[in-house]
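S.K.: One structure follows; several queries about it will come next.
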Amino acid sequence: MTSLADFGTATIHEASGQKGALPSSIKPLVAGMRVYGPAFPVRSPGGDNLMLHAAILGAPKGSIIVADAGFESEAGPWGDLMTLSAMQKGIAGLVISGSVRDGDDIARYGFPVFCTGQCIRGTTKKMKGPAPDTVRIGEVTIAPGDIIVGDNDGLVVVDANMVRTVTEACHKREEKEASFRSRMEAGESLQSIMGLVL
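Residue numbers (the numbering used here): 6 to 203.
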């Protein structure tokens, strides 16, 4: 059976009942980056990155570090050396509601990063805190193990207990859209297929 990883984020979002979309301000560092895997949530107060270092050490292999950085744009708490460290640990990507730096190096490494921007300013390494049960980014609460999917269109979070259901709904949606394409290729208009009253 096709995996959830095989679908685009827009399809997954629609198949999820239009739930789980992270703010559109969080974008791939480089166009074409794609991220998929279980979330490892962390809170990283703006201007400090100690808990991001802790997340690198604590996150299971294959996971996505999902950092609530409070949408702080004037600091770059993640850079090239942290990227290498994360890659050494087998971490599959970073999603952060804040900026990063050393973007060219991160892009060269091919490590998927989704962020709000880039900032050259560094951070302190002082603010300790417990690993959170969940983080909230925008309107979405993210728990450990929830599935994160990101592509050029954006980011979507799928509850770990709903992956199979959402995957099946994605299949149905793709089949429906394939039918639409076939009918359009045969000459029907999209508007008539959709039954729009215009």
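Heads up, the beta-carbon is just placed ideally off N, CA and C, and yes, glycines get one too. Predicted model only: the values in this text are computed from it and were never measured.
Any idea what DSSP makes of Leu86, helix, strand or coil?
M.R.: Looking at Leu86 - three-state DSSP - the assignment turns out to be helix.
S.K.: Can at least three beta-carbon pairs, one atom from the stretch 153 to 171 and one from the stretch 17 to 32, be found at a separation below 8 Å?
M.R.: The answer is yes - the stretch 17 to 32 touches the stretch 153 to 171, with three or more Cβ pairs under 8 Å.
S.K.: Enumerated in chain order, which unbroken segments of the beta strand (DSSP E) with a length of 3 residues or greater are wholly contained in the stretch 24 to 52?
M.R.: List check, beta strand (DSSP E) in window: 40 to 48.
S.K.: Span of the beta strand (DSSP E) holding Val202?
M.R.: First-last for Val202: undefined, no H or E at that position.
S.K.: Cα separation between Arg186 and Pro82?
M.R.: Whole-angstrom Cα-Cα distance: 45 Å.
S.K.: Could you pull out every unbroken beta strand (DSSP E) segment of at least 3 residues lying fully inside the stretch 99 to 160, listed in chain order?
M.R.: List check, beta strand (DSSP E) in window: 118 to 120, 140 to 142, 145 to 147 and 152 to 156.
S.K.: Can at least three beta-carbon pairs, one atom from the stretch 43 to 50 and one from the stretch 68 to 82, be found at a separation below 8 Å?
M.R.: Yes: at least three Cβ pairs fall under 8 Å.
S.K.: Please report the distance separating the alpha-carbon of Val105 from that of Leu57.
M.R.: Roughly 12 Å separates the two Cα atoms.
S.K.: Am I right that Val100 and Ile153 are in contact with their C-beta atoms under 8 Å? What's the rounded C-beta distance?
M.R.: Contact flag correct, Cβ pair sits at about 6 Å.
S.K.: Taking Cβ to Cβ, would you say Gly51 is nearer than 8 Å to Glu77?
M.R.: Closer than 8 Å, so yes.
S.K.: What are the boundary residues of the beta strand (DSSP E) that includes Glu77?
M.R.: It spans Ile69 to Glu77 - the beta strand (DSSP E) in which Glu77 sits, taken as one unbroken run.
S.K.: Please determine, among Gly115, Val163, Gly108 and Gly103, the residue with the shortest C-alpha to C-alpha distance to Ala97.
M.R.: If we check each option's Cα against that of Ala97, Gly115 comes out closest.
S.K.: Using only the alpha-carbon positions, how far apart do Val59 and Ser197 sit?
M.R.: Note that residue 59 is Ala in the sequence shown here, rather than Val. So the two alpha carbons sit approximately 55 Å from each other.
S.K.: Name the residue from Gly13, Val171, Arg141 and Glu179 whose alpha carbon lies nearest to the alpha carbon of Val40.
M.R.: For the residues Gly13, Val171, Arg141 and Glu179, the minimum Cα distance to Val40 belongs to Gly13.
S.K.: Out of Gly75, Ser49, Leu55 and Pro65, point me to the one whose CA is closest to Gln93's CA.
M.R.: Looking at the Cα atoms, Pro65 is the closest of the given residues.
S.K.: Excluding five sequence neighbours on each side, which residues of the same chain lie with their C-beta closer than 6 Å to the C-beta of Gly84?
M.R.: Closer than 6 Å at Cβ, skipping near neighbours: Arg106 and Asp107.
S.K.: Within its chain, find whatever has a CB closer than 7 Å to the CB of Glu126; leave out the 5 residues flanking it on each side and keep chain order.
M.R.: The sequence given here places Arg at residue 126; Glu does not occur at that position. For Arg126, where only same-chain residues beyond five positions count, the Cβ hits under 7 Å are Glu79, Ala80 and Gly81.
S.K.: What first and last residue would you give for the alpha helix (DSSP H) that runs through Gly63?
M.R.: That run of the alpha helix (DSSP H) goes Leu55 to Gly63.
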